[in-house]
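S.K.:
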Amino acid sequence: MLASPAVAATAARLIQQRIADGTYAAGGLLPSQRDLAEQLGISRTSLREALSTLQGTGLVIPRPGKGMYVAEDGGQQAPTASPAWKFATSHSLQDVYQLRFAVENFTARLACLVIEADDLAALRANAQAMRACIDAGDFTQATQLDFDFHMQIIGIAGNQAIAEILRNSAEVMQESQRLPFYKRGARHATYDEHMAIIEALAQGNPALAQQAMTQHIVQAAQRAGVHFPTGLEAASAAA
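In terms of our numbering, the sequence shown is numbered consecutively and its last residue is 239.
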């Protein structure tokens with residue numbers, strides 16, 4: 001039986017919630033796959049997919065011959081390695097980040113020219129919600145909020161063509177935003193960079209807003225294992 005991605009994702013969230021509320025204690029052994037599948041009302045195939053997702057985030061750890069355990073720190077530390085890029089057969093991760101670099105730098109400048117107090121409040125609320133998800137180890141929701149943050153800025157900029165292109169590529173965009181969360185020691189880097197973008201927008205300085213967005217996209221790409229020339233290196237060397 002094939003796993004249902006939607007069922008597996010829901011199961012992963014439920015298990016994550018049970019870990020967060022202490023039902024499954026940090027460092028403790030999870031129920032057997034048979035028992036856990038019965039508790040969640042799903043197939044063992046879908047359960048294995050859910051556990052694979054949680055293992056990728058470092059929330060659960062397999063111990064051969066013993067079973068699946070909750071991480072000792074409850075998954076508070078990001079794992080050391082990013083999972084494989086899911087869209088390698090259709091889009092290189094470098095191409096996706098180069099697209100984001102080209103498009104989002106421009107929209108940050110546009111947004112800075114028209115942003116209002118309510119827009120800034122919404123962006124700050126998004127950033128705080130994302131931080132809470134990161135603290136809870138919920139990288140799935142943190143990724144959704146990350147995507148929403150960038151789409152908010154594009155919406156403020158008012159370029160509907162760019163918004164439609166990125167919205168139609170939401171799954172690819174969100175996967176590119178998920179990978180940086182796996183960089184050990186940099187769990188809050190995306191939050192910090194978002195706050196720098198917000199501050200630049202609040203100052204009404206288009207050049208500063210573009211610079212903050214540039215740094216965010218380049219650094220997020222590097223956390224995801226992607227390094228690409230931007231032309232900024234030569235400018236910095238010449239300065």
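Don't be surprised by glycine CBs; every beta carbon is placed ideally from N, CA and C.
Quantities reported herein were computed from a predicted structural model and do not represent experimental measurements.
What is the DSSP secondary structure of L59, counted as helix, strand or coil?
M.R.: Here the question's residue 59 lines up with position 59 in the sequence shown. It is coil, neither helix nor strand.
S.K.: Should D135 be labelled buried (16 or more other beta-carbon atoms within 10 Å of its own) or exposed?
M.R.: Mapped onto the sequence shown, residue 135 falls at position 135. With fewer than 16 Cβ atoms within 10 Å of its Cβ, D135 is classed as exposed.
S.K.: Beta carbon of F181, beta carbon of T214: below 9 Å?
M.R.: Stepping through the sequence shown from its first residue, residue 181 is reached at position 181. Stepping through the sequence shown from its first residue, residue 214 is reached at position 214. Contact flag unset, no.
S.K.: Would the beta-carbon of N126 fall within 9 Å of that of Q152?
M.R.: The sequence position of residue 126 within the sequence shown is 126, counting from 1. The sequence position of residue 152 within the sequence shown is 152, counting from 1. Cβ atoms of N126 and Q152: closer than 9 Å.
S.K.: Quick one, are the C-beta atoms of P50 and A11 less than 9 Å apart?
M.R.: In the sequence shown, counting from the first residue as 1, residue 50 sits at position 50. In the sequence shown, counting from the first residue as 1, residue 11 sits at position 11. Strictly speaking, residue 50 in this sequence is Ala, with Pro absent from that position. Yes. Within cutoff.
S.K.: If contact is defined by three or more beta carbon pairs under 8 Å, each pair taking one atom from either stretch, is the segment 200-208 in contact with the segment 111-127?
M.R.: yes
S.K.: Applying the criterion that 16 or more other CB atoms from any shown protein chain within 10 Å of the CB defines a buried residue, is F228 buried or exposed?
M.R.: Counting from 1 along the sequence shown, the entry for residue 228 is found at position 228. With fewer than 16 Cβ atoms within 10 Å of its Cβ, F228 is classed as exposed.
S.K.: Keeping to the same chain, check which residues put their C-beta closer than 8 Å to that of Q268; ignore five residues upstream and five downstream.
M.R.: In the structure as shown, the chain begins at 1 and stops at 239. Residue 268 is therefore absent and cannot be evaluated.
S.K.: What's the gap between the Cα of F87 and the Cα of D95?
M.R.: Taking the sequence shown and counting its residues from 1, the one referred to as residue 87 is at position 87. Taking the sequence shown and counting its residues from 1, the one referred to as residue 95 is at position 95. Their backbone Cα atoms lie some 11 Å apart in a straight line.
S.K.: Roughly how far, in whole angstroms, is the beta-carbon of R13 from the beta-carbon of T140, given that I think they are within contact range, below 8 Å?
M.R.: Indexing the sequence shown from 1 puts residue 13 at position 13. Indexing the sequence shown from 1 puts residue 140 at position 140. Confirmed, Cβ separation roughly 7 Å.
S.K.: Grab me the residues of C133's own chain with a C-beta within less than 6 Å of its C-beta, minus the 5 sequence neighbours each way, in chain order.
M.R.: As a working mapping, residue 133 is identified with position 133 in the sequence shown. Here the set comprises Q141 and A142.
S.K.: Going by the DSSP bridge assignment, what does L51 pair with across the sheet?
M.R.: Counting from one through the sequence shown, the residue named residue 51 turns up at place 51. Answer is none; L51 lacks a bridge partner.
S.K.: With C-beta atoms as the reference, is T230 less than 9 Å away from I154?
M.R.: By 1-based counting over the sequence shown, the position of residue 230 is 230. By 1-based counting over the sequence shown, the position of residue 154 is 154. No.
S.K.: Identify the continuous beta strand (DSSP E) that holds G67 and give its terminal residues.
M.R.: On the sequence shown, residue 67 is found 67 positions in, with the first residue counted as 1. Its beta strand (DSSP E) spans residues G67 to V70.
S.K.: Please report how far the alpha carbon of T23 lies from the alpha carbon of Y97, in whole angstroms.
M.R.: For the purposes of this step, residue 23 is taken as the residue at position 23 of the sequence shown. For the purposes of this step, residue 97 is taken as the residue at position 97 of the sequence shown. Cα-Cα distance, rounded: 39 Å.
S.K.: What residue range is occupied by the uninterrupted alpha helix (DSSP H) comprising R124?
M.R.: As a working note, residue 124 is residue 124 in the sequence shown. Start and end: A117 to D135.
S.K.: The alpha helix (DSSP H) spanning R167 covers which residue range?
M.R.: As a working note, residue 167 is residue 167 in the sequence shown. Its alpha helix (DSSP H) spans residues Q160 to N168.
S.K.: Is A161 buried or exposed, if buried means 16 or more other CB atoms sit within 10 Å of its CB?
M.R.: Taking the first residue of the sequence shown as position 1, residue 161 is located at position 161. Classification of A161: exposed, given that the 10 Å Cβ count is below 16.
S.K.: Which residue from A209, L29, A37 and G225 puts its Cα closest to that of P64?
M.R.: Translated into positions along the sequence shown, residue 64 becomes position 64. Out of A209, L29, A37 and G225, L29 has the C-alpha closest to the C-alpha of P64.
S.K.: Beta-carbon within less than 7 Å of A20's beta-carbon, same chain only, minus the 5 sequence neighbours each way: which residues are those?
M.R.: Residue mapping note: residue 20 aligns to position 20 of the sequence shown, counting from 1. Once the five neighbours on either side are set aside, the close Cβ partners of A20 are A136.
S.K.: Within this structure, are the beta carbons of A163 and L110 separated by less than 9 Å?
M.R.: Within the sequence shown, residue 163 is the residue found at index 163, counting from 1. Within the sequence shown, residue 110 is the residue found at index 110, counting from 1. If you check the CB distance, A163 and L110 do not come in under 9 Å.
S.K.: Name the residue from A212, Q177 and P62 whose alpha carbon lies nearest to the alpha carbon of V226.
M.R.: Here the question's residue 226 lines up with position 226 in the sequence shown. The option with the nearest alpha carbon to V226 is Q177.
S.K.: Taking just the CA atoms, how far does P31 sit from I61?
M.R.: Indexing the sequence shown from 1 puts residue 61 at position 61. Indexing the sequence shown from 1 puts residue 31 at position 31. In a straight line, the C-alpha of I61 is about 13 Å away from that of P31.
S.K.: Hey, out of A207, A186 and A196, whose CA is closest to Q222's CA?
M.R.: Counting from one through the sequence shown, the residue named residue 222 turns up at place 222. The residue with the shortest Cα to Cα distance from Q222 is A186.
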